[in-house]
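S.K.: Under our numbering, the first residue of the sequence shown is numbered 1, with each subsequent residue one higher.
Beta carbons are placed, not taken as given, at the ideal position from N, Cα and C, and that holds for glycine.
I have a structure I would like to understand better, so I am pasting it below and will then ask my questions one at a time.
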Amino acid sequence: MQNKIYEMRKILFLLEQSILYCETDKFYKEIGKMETVIDDLKESFAKETNCSVEFKEVKNINKKILNTIEFVYKPITVLNVFEGNYLENFSNERTEQLSIARAINNHNEFWKQHTTIHGNIYGSVPIELISSESLEILYKLGWKKIKTNIIEIRGSKDSSQDIVDYCDKYLDYYIIVLEESTKTRLILEYLIK
C-alpha cells in the first residue's frame, strides 16, 4: 500500500509539470494513471486492513435558516473528545465556569428548553440570555463569541439519522436540538473559522 501512495506522489509531481508546461496529453495520461492507482489503493486498503471502503449517500434535508444570532461557547482543546475522560473534565469545568460567571441558570434554562439530539459543541448559550458582566467573566475564562445560524428542519419525513448524516457531511460545528415548546427540530450551526 505504501508503494501506491509513493506512486500517487510521483504522479502528482508529473501532473504539476504537465500543467506548468501546458502539456495537455501528458496531463490526461497522468490523470488516467492516478485513477488506476486510486482504485488499486482502495482494493489494497480493503485487503490489508480487513476494512471495506463504503461511501454513504447523504440525503438532502428540507431546511431553512430562520436567523443568525450570537452565542458564547467554550472551545474544545483536543482532536478526539472521546479519548480518556476529556468530556467529563470539560463538563465539570464548563459548569464551574458558568457558576463563577453567574450564568449557570441561564445556560441550564436554555438547554432545558432545547433537548440535544446530536452535535459536536459541548458548551454554549445565546449571548442575549447572559448579562454583560457574566459575559466578560466567561471571555476571561476562555469562552468565545460566535455567530450561529438557527436552521429549522422543515421536512417531517427526515429521520434524525438523515439529519445527523447531513450535518456530519456539510457542517463543521453544530448541535441538532428539539425545541420543547414547539417540538420543532433545529440545527444550531456554529460559524467557527
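For Leu191, count neighbouring C-beta atoms within 10 Å of its own C-beta (all shown protein chains included) and say buried if the count is 16 or more, exposed if not.
M.R.: Residue numbering aside, residue 191 sits at position 191 when the sequence shown is read from its first letter. Label assigned to Leu191: exposed.
S.K.: Quick one: give me the first and last residue of the beta strand (DSSP E) that Lys183 is part of.
M.R.: Start at 1 with the first residue of the sequence shown, and residue 183 comes out as number 183. Segment: none, Lys183 is in no beta strand (DSSP E) and carries neither H nor E.
S.K.: Verify whether the separation of the beta carbon atoms of Gly155 and Ile61 is less than 8 Å.
M.R.: Here residue 155 refers to the residue found at position 155 of the sequence shown. Here residue 61 refers to the residue found at position 61 of the sequence shown. Yes, the Cβ-Cβ distance between Gly155 and Ile61 is below 8 Å.
S.K.: Short check: CB of Leu186 to CB of Ile151, under 8 Å?
M.R.: The count along the sequence shown starts at 1 and reaches residue 186 at position 186. The count along the sequence shown starts at 1 and reaches residue 151 at position 151. In contact: Leu186 and Ile151 (Cβ atoms closer than 8 Å).
S.K.: Below 7 Å CB to CB, which residues in the same chain sit around Thr115 once its five sequence neighbours on both sides are set aside?
M.R.: The residue you call residue 115 lines up with position 115 of the sequence shown. Cβ within range, chain order: Val177, Leu178 and Glu180.
S.K.: Starting from the C-beta of Thr95, find all residues in its chain whose C-beta is less than 8 Å away, skip the five residues before and the five after it, and write them out in chain order.
M.R.: On the sequence shown, position 95 is the one that residue 95 refers to. Counting only Cβ-Cβ distances below 8 Å, and skipping sequence neighbours, we find Ile104.
S.K.: Locate the beta strand (DSSP E) running through Thr77, then write down its first and last residues.
M.R.: Counting from 1 along the sequence shown, the entry for residue 77 is found at position 77. No beta strand (DSSP E) holds Thr77; DSSP gives it neither H nor E.
S.K.: Which class does Lys147 belong to by DSSP, given the choice of helix, strand or coil?
M.R.: Start at 1 with the first residue of the sequence shown, and residue 147 comes out as number 147. It is a strand residue.
S.K.: Determine the DSSP secondary structure at Glu136, reduced to helix, strand or coil.
M.R.: By one-based count along the sequence shown, residue 136 stands at place 136. If DSSP states are grouped into helix, strand and coil, Glu136 belongs with the helices.
S.K.: Would the C-beta of Ile100 count as close to the ligand ZN, meaning under 7 Å from any of its heavy atoms?
M.R.: Looking at this structure, you won't find the ligand ZN or any other ligand, since it has none at all.
S.K.: To the nearest angstrom, how far is it from the Cα of Ile163 to the Cα of Ile76?
M.R.: Within the sequence shown, the letter at position 163 stands for residue 163. Within the sequence shown, the letter at position 76 stands for residue 76. In a straight line, the C-alpha of Ile163 is about 23 Å away from that of Ile76.
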